[in-house]
């Protein structure tokens with residue numbers, strides 16, 4: 038008996054991707070499930086791998102084993118998914134540990150951080166009196182009369198610092214305005 042018969046040798050041939058899909062879809066899903074991926078995600082990964090093969094069909098020639106290519110794509114997509122899931126879970130735990138809500142998406146968090154930095158920068162350029170008047174009137178909703186009495190000022194002396202503070206903050210936030 039010839040020893041070469043026990044090795045499987047790939048025989049190059051033209052690939053019909055429709056037939057390839059019918060033969061390998063369930064095997065790809067089973068492979069993804071065996072890697073610990075849930076059913077719906079496994080089907081999505083396999084469909085995505087088959088789409089990738091369809092997009093690369095002009096480069097799939099008789100010299101490459103399409104099954105090997107397919108299962109490598111599935112394996113890599115599974116690893117990517119598992120890595121991403123681990124990252125999201127780790128980040129959610131860190132956020133929970135810090136007492137922050139994870140339901141907020143990343144863009145909103147970045148935007149809020151940028152806005153806070155812009156406002157802090159604008160506040161940094163104001164005098165202490167301007168900051169105090171702005172916070173009292175705009176944040177704490179105190180009346181001009183209350184602020185003037187507390188700071189030992191006349192009521193008309195509230196307008197100018199409040200205007201300067203509002204203008205500085207509006208200029209700092211100008212690049213973030215929509216519309």
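Numbering (this note's numbering), first residue to last: 38 to 216. Using N, Cα and C, we set each Cβ at its ideal position, and we do this for glycine too. For clarity, every value in this text was computed on a predicted model and none was experimentally measured.
{"Check": "If I follow the unbroken alpha helix (DSSP H) through residue 179, where does it start and stop?", "Outcome": "Counting along the chain, residue 179 falls outside any alpha helix (DSSP H), and DSSP gives it neither H nor E."}
{"Check": "For residue 110 and residue 53, what's the separation of their Cα atoms in angstroms?", "Outcome": "18 angstroms"}
{"Check": "Closer than 7 angstroms by C-beta to residue 91: which residues in its own chain qualify, once you throw out the five before and the five after it? Chain order, please.", "Outcome": "54"}
{"Check": "Kindly say whether residue 63, judged by its beta-carbon, lies nearer than 8 angstroms to any beta-carbon of chain B.", "Outcome": "In summary, chain B is missing from the structure at hand, where a single protein chain is found."}
{"Check": "What did DSSP end up calling residue 93 once you bin it into helix, strand or coil?", "Outcome": "coil"}
{"Check": "Take residue 105 as the anchor and find which of 64, 192, 201 and 211 has the nearest alpha-carbon.", "Outcome": "64"}
{"Check": "Between the stretch 183 to 202 and the stretch 158 to 170, do at least 3 Cβ pairs fall closer than 8 angstroms?", "Outcome": "yes"}
{"Check": "Between residue 213 and residue 143, is the Cβ-Cβ spacing less than 8 angstroms?", "Outcome": "no"}
{"Check": "List the endpoints of the continuous alpha helix (DSSP H) containing residue 207.", "Outcome": "196 to 210"}
{"Check": "Exposed or buried, what is residue 176 when buried is set at 16 or more other beta-carbons lying within 10 Å of its beta-carbon?", "Outcome": "exposed"}
{"Check": "Taking its Cβ as the centre, do 16 or more other Cβ atoms sit within 10 Å of residue 88, making it buried, or is it exposed?", "Outcome": "exposed"}
{"Check": "Under a three-way DSSP split, which group does residue 109 fall into?", "Outcome": "helix"}
{"Check": "How long is the line joining the alpha carbons of residue 68 and residue 147, rounded to whole angstroms?", "Outcome": "38 angstroms"}
{"Check": "How big is the Cα-Cα spacing for residue 184 and residue 174?", "Outcome": "7 angstroms"}
{"Check": "Between which residues of its own chain and residue 58 is the CB-CB distance below 7 angstroms, once the five residues before and five after are set aside?", "Outcome": "87"}
{"Check": "On the three-state DSSP scale, how would you describe residue 163?", "Outcome": "coil"}
{"Check": "Given that a residue counts as buried once 16 or more other Cβ atoms are within 10 Å of its Cβ, and exposed if not, what is residue 66?", "Outcome": "buried"}
{"Check": "Pick out whichever of 152, 198 and 61 has its Cα sitting closest to the Cα of residue 210.", "Outcome": "152"}
{"Check": "Let's see if you can read the secondary structure: which residues bound the alpha helix (DSSP H) around residue 67?", "Outcome": "54 to 71"}
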